[in-house]
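J.: Top line first, the protein sequences correspond to chains W and B. My numbering numbers the first residue of the first sequence as 14 and each following residue consecutively. My numbering numbers the first residue of the second sequence as 14 and each following residue consecutively. Positions of the beta carbon are idealized from the N, C-alpha and C atoms, including for glycine. Please see the structure below; I have some questions.
2 protein chains.
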Amino acid sequence: MIVALRYHVVMSAISTSAPRSRRERPAKAPLSREAIVRTGLDLLETGGLANLSLRKIATVLDTGSASLYVYVENIRHLYALMLDAAFSEIRYAREEPAPERVKSALGSYLEVMLARRGLAQIAAGTMPEGENWMRLNEFLLAGLLEAGVPPERAAWGIDLLLLQVTAKAAELTAWSEQGDVIGCTADTYAKASATSFPRLHELHDVIFAGTTAHRIGWALDALLDGIAHTPLPT
Amino acid sequence: MIVALRYHVVMSAISTSAPRSRRERPAKAPLSREAIVRTGLDLLETGGLANLSLRKIATVLDTGSASLYVYVENIRHLYALMLDAAFSEIRYAREEPAPERVKSALGSYLEVMLARRGLAQIAAGTMPEGENWMRLNEFLLAGLLEAGVPPERAAWGIDLLLLQVTAKAAELTAWSEQGDVIGCTADTYAKASATSFPRLHELHDVIFAGTTAHRIGWALDALLDGIAHTPLPT
DNA sequence: ACCTGAACACCGTTCAAGT
DNA sequence: ACCTGAACACCGTTCAAGT
Numbered sequence: 014m015i016v017a018l019r020y021h022v023v024m025s026a027i028s029t030s031a032p033r034s035r036r037e038r039p040a041k042a043p044l045s046r047e048a049i050v051r052t053g054l055d056l057l058e059t060g061g062l063a064n065l066s067l068r069k070i071a072t073v074l075d076t077g078s079a080s081l082y083v084y085v086e087n088i089r090h091l092y093a094l095m096l097d098a099a100f101s102e103i104r105y106a107r108e109e110p111a112p113e114r115v116k117s118a119l120g121s122y123l124e125v126m127l128a129r130r131g132l133a134q135i136a137a138g139t140m141p142e143g144e145n146w147m148r149l150n151e152f153l154l155a156g157l158l159e160a161g162v163p164p165e166r167a168a169w170g171i172d173l174l175l176l177q178v179t180a181k182a183a184e185l186t187a188w189s190e191q192g193d194v195i196g197c198t199a200d201t202y203a204k205a206s207a208t209s210f211p212r213l214h215e216l217h218d219v220i221f222a223g224t225t226a227h228r229i230g231w232a233l234d235a236l237l238d239g240i241a242h243t244p245l246p247t
Numbered sequence: 014m015i016v017a018l019r020y021h022v023v024m025s026a027i028s029t030s031a032p033r034s035r036r037e038r039p040a041k042a043p044l045s046r047e048a049i050v051r052t053g054l055d056l057l058e059t060g061g062l063a064n065l066s067l068r069k070i071a072t073v074l075d076t077g078s079a080s081l082y083v084y085v086e087n088i089r090h091l092y093a094l095m096l097d098a099a100f101s102e103i104r105y106a107r108e109e110p111a112p113e114r115v116k117s118a119l120g121s122y123l124e125v126m127l128a129r130r131g132l133a134q135i136a137a138g139t140m141p142e143g144e145n146w147m148r149l150n151e152f153l154l155a156g157l158l159e160a161g162v163p164p165e166r167a168a169w170g171i172d173l174l175l176l177q178v179t180a181k182a183a184e185l186t187a188w189s190e191q192g193d194v195i196g197c198t199a200d201t202y203a204k205a206s207a208t209s210f211p212r213l214h215e216l217h218d219v220i221f222a223g224t225t226a227h228r229i230g231w232a233l234d235a236l237l238d239g240i241a242h243t244p245l246p247t
């Protein structure tokens, strides 16, 4: 897939600097919704959200941005298509026991988001749709039910779980795109809190302790526990 | 604050269409970081994220966008300043008992975000800093501790709570900016799920039941319960 | 030190014109 | 039906020039 991307970049560079007859170079790959979506995900993987635009996709595909509107209504629509395409890579461990299965699917969801920097930010602002999104919801819901979670709590719970993981993914990618924000914030906490923020000061080390994996694992455990044991409002 | 905004809009319109001597009109309010931040929040409140840009802020303040860079490093920096300024409006019910106090502060946080459409999306992608952010964290942490939550769980828990509410706020504003996405999605669920997604089909009514307030209230209850009862990994 | 105008390098989207 | 070039109405940011 990276090879294909390289090829198009090179081709477009050639065609602008030294135009050649179509006969002399390989035939241009036909435009399609799938090619547009794939190129968008490639650009995201390469350079994050800053590297994604309709114009850049068009350049890679050796065409003008106006041409994309035959296949895509607007950029929000493209976002939704890209999201669902990425969700097709989520791994479902159907043989695992009921509560673990839910955690591992959410872990896979997180990895898919983190592999394409900026996809989480897109997910946070786009109403997801599409078959792969449905599949994920169905899998999580079935897992909760099989784990013995009452149906109403499970139905509301999947929203909580997905929101949490999506938000965490967005946070992680946003931080990685800026400098060392974590250390910077930790410093701010350490300095200012002594007198004005005693609790933050006191627990400073605990707040910033633990690996990302540990923290997310605990977050999911806490969510699953809360979902299972909290009755719905009347 | 709205009056002030109107005034500036009118002034800039006048100065471009029919320039008058500075002597004939009221003195221009001096540029300042505070004025820039306030104008940014006003623009957000008026027209959401699409209405916010350095150029629009500059127009309202009757100057050029380049002038803003004396007071603000870049737009990300402005986002952080706007966030903390908005957080100053969070209401803390310090007289409430320990666990309720945390919920109501988070409710106030949510309202502050929803009042300025798009602020939640900014929060989801910006590492917050500043005194008001610290104050919110301190208040939540103290509330959890006072409710008897073990210190380590409380320290990790505030992150969960804030992430959930921020993500929910971002989701709600994103949905409100588009059309009737909720109904649209509910339809998709209702149609496709009969055979391929039996659980989603079965629980369709429950999934989309309840008011926003009920759902967020339950989410916070579940989160608080899970945080209080889930031991940290070793 | 602060402000300005103009420029640079981008965006998403539309539209008449071509094939 | 699909593609193209050019335009429209925007962006954030920089920089030399003014005061």
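Determine the burial state of GLN191 of chain W: buried for a count of at least 16 other Cβ atoms within 10 Å of its Cβ, exposed for fewer.
T.: Classification for GLN191 of chain W: exposed.
J.: DSSP three-state label for LEU173 of chain W, please.
T.: DSSP places LEU173 of chain W in helix when its eight states are reduced to three.
J.: Quick one: using the 10 Å Cβ neighbour count with 16 as the cut-off for buried, is ASP200 of chain B buried or exposed?
T.: Label assigned to ASP200 of chain B: exposed.
J.: Pull up the CB-CB distance for ASP97 of chain W and GLU165 of chain W, whole angstroms please, since I reckon it's below 8 Å.
T.: Contact flag wrong, Cβ pair sits at about 27 Å.
J.: What does MET95 of chain B reach in chain W if we use C-beta pairs closer than 8 Å?
T.: By Cβ distance, chain W contributes nothing, its closest Cβ being about 16 Å from MET95 of chain B, past 8 Å.
J.: Determine whether the Cβ of GLY61 of chain W lies closer than 8 Å to any Cβ atom of chain B.
T.: Answer no: the Cβ-Cβ gap between GLY61 of chain W and chain B never drops below 8 Å.
J.: With H, G and I counted as helix, E and B as strand and the rest as coil, what does DSSP make of GLY159 of chain B?
T.: Note that residue 159 of chain B corresponds to Glu in the displayed sequence, not to Gly. Here GLU159 of chain B sits in helix by DSSP.
J.: Just to confirm my understanding: we take TYR105 of chain B, look at its own chain, exclude 5 residues before and 5 after, and list those with CB closer than 7 Å. What are they?
T.: ALA118, PHE152.
J.: Would you kindly report the start and end of the unbroken alpha helix (DSSP H) that includes TYR92 of chain B?
T.: Segment 88-100, the alpha helix (DSSP H) holding TYR92 of chain B.
J.: Can you grab the Cα-Cα spacing for the pair GLY61 of chain B / ALA111 of chain W, in whole Å?
T.: Rounded to the nearest angstrom, the two C-alpha atoms are 42 Å apart.
J.: Between ILE135 of chain W and the rest of its own chain, which residues show a CB-CB distance below 6 Å, the 5 nearest in sequence each way excluded?
T.: TYR92.
J.: Please determine if the stretch 216-226 of chain W and the stretch 161-179 of chain B are in contact, where contact requires at least 3 C-beta pairs separated by less than 8 Å.
T.: As far as the Cβ criterion goes, the stretch 216-226 of chain W touches the stretch 161-179 of chain B, which means the pair count is three or higher.
J.: Of all the CB atoms in chain W, is at least one closer than 8 Å to the CB of MET249 of chain B?
T.: Since the displayed chain B opens at 14 and closes at 247, residue 249 of chain B lies outside it and no answer follows.
J.: With distances taken Cα to Cα, identify the nearest neighbour of TRP146 of chain B among B:GLY131, B:GLU159, B:LEU175, B:LEU157.
T.: For the residues B:GLY131, B:GLU159, B:LEU175, B:LEU157, the minimum Cα distance to TRP146 of chain B belongs to B:LEU175.
J.: Take every Cβ of the stretch 202-214 of chain B, pair it with every Cβ of the stretch 74-91 of chain B, and state whether three or more of those distances are shorter than 8 Å.
T.: With a cut-off of 8 Å, the stretch 74-91 of chain B and the stretch 202-214 of chain B do not count as touching, because too few Cβ pairs lie within range.
J.: Please confirm if the stretch 237-247 of chain W is in contact with the stretch 178-188 of chain B, defined as three or more CB-CB distances below 8 Å between the two stretches.
T.: Short answer: they don't touch.
J.: When the Cα of LEU154 of chain B is compared with those of W:TRP188, W:ALA63, W:LEU213, which residue comes out closest?
T.: Among W:TRP188, W:ALA63, W:LEU213, the Cα nearest to that of LEU154 of chain B is on W:LEU213.
J.: Taking the straight line between their C-alpha atoms, what separation do you get for GLY230 of chain W and ARG130 of chain B?
T.: Distance between the alpha carbons of GLY230 of chain W and ARG130 of chain B: 32 Å.
J.: Taking SER121 of chain W as part of the alpha helix (DSSP H), name the residues at either end of that continuous run.
T.: Looking at the DSSP string, the run of the alpha helix (DSSP H) that includes SER121 of chain W is 111-128.
J.: Starting from ALA48 of chain B, trace the alpha helix (DSSP H) in both directions and tell me its first and last residue.
T.: 46-60 is the extent of the alpha helix (DSSP H) around ALA48 of chain B.
J.: Counting only Cβ-Cβ distances shorter than 7 Å, please list the residues of the stretch 156-179 of chain B near chain W, keeping chain order.
T.: Per Cβ criterion, the list reads LEU158, PRO164, GLU165, ALA168, TRP169, LEU173, LEU176, GLN177, THR179.
J.: Answer with yes or no whether the minimum CB distance from HIS90 of chain B to chain W is below 8 Å.
T.: Not an interface residue.
J.: Please list the partners that ILE220 of chain W has in chain B, where partner means a Cβ-to-Cβ separation under 9 Å.
T.: In chain order: ASN150, LEU154, ALA168, TRP169, ILE171, ASP172.
J.: Would you kindly work out how many angstroms separate the C-alpha atoms of ALA226 of chain B and SER121 of chain B, rounded to a whole number?
T.: Cα to Cα, the separation comes out at about 12 Å.
J.: Is it right to say ARG114 of chain B is buried, meaning 16 or more other beta carbons lie within 10 angstroms of its own, or is it exposed?
T.: Its Cβ being crowded by 16 or more others within 10 Å, ARG114 of chain B is buried.
J.: Output needed for MET14 of chain W: all residues of its chain with C-beta closer than 8 Å, excluding positions within five of it in sequence on either side, in chain order.
T.: Summary for MET14 of chain W: the model assigns pLDDT 30, below 50, so the residue's position carries little reliability; its value from the coordinates is reported in the next sentence. Closer than 8 Å at the Cβ level, and outside the excluded window around MET14 of chain W, lie ARG51, ASP55.
J.: Using 10 angstroms around the beta-carbon of THR186 of chain W, count the other beta-carbons present and answer buried if the total reaches 16, otherwise exposed.
T.: Classification for THR186 of chain W: buried.
J.: Give me the chain W residues within the contact set of PRO246 of chain B, using Cβ-Cβ distance strictly less than 7 Å, ordered along the chain.
T.: Neighbours of PRO246 of chain B on chain W, chain order: HIS227, GLY230, TRP231.
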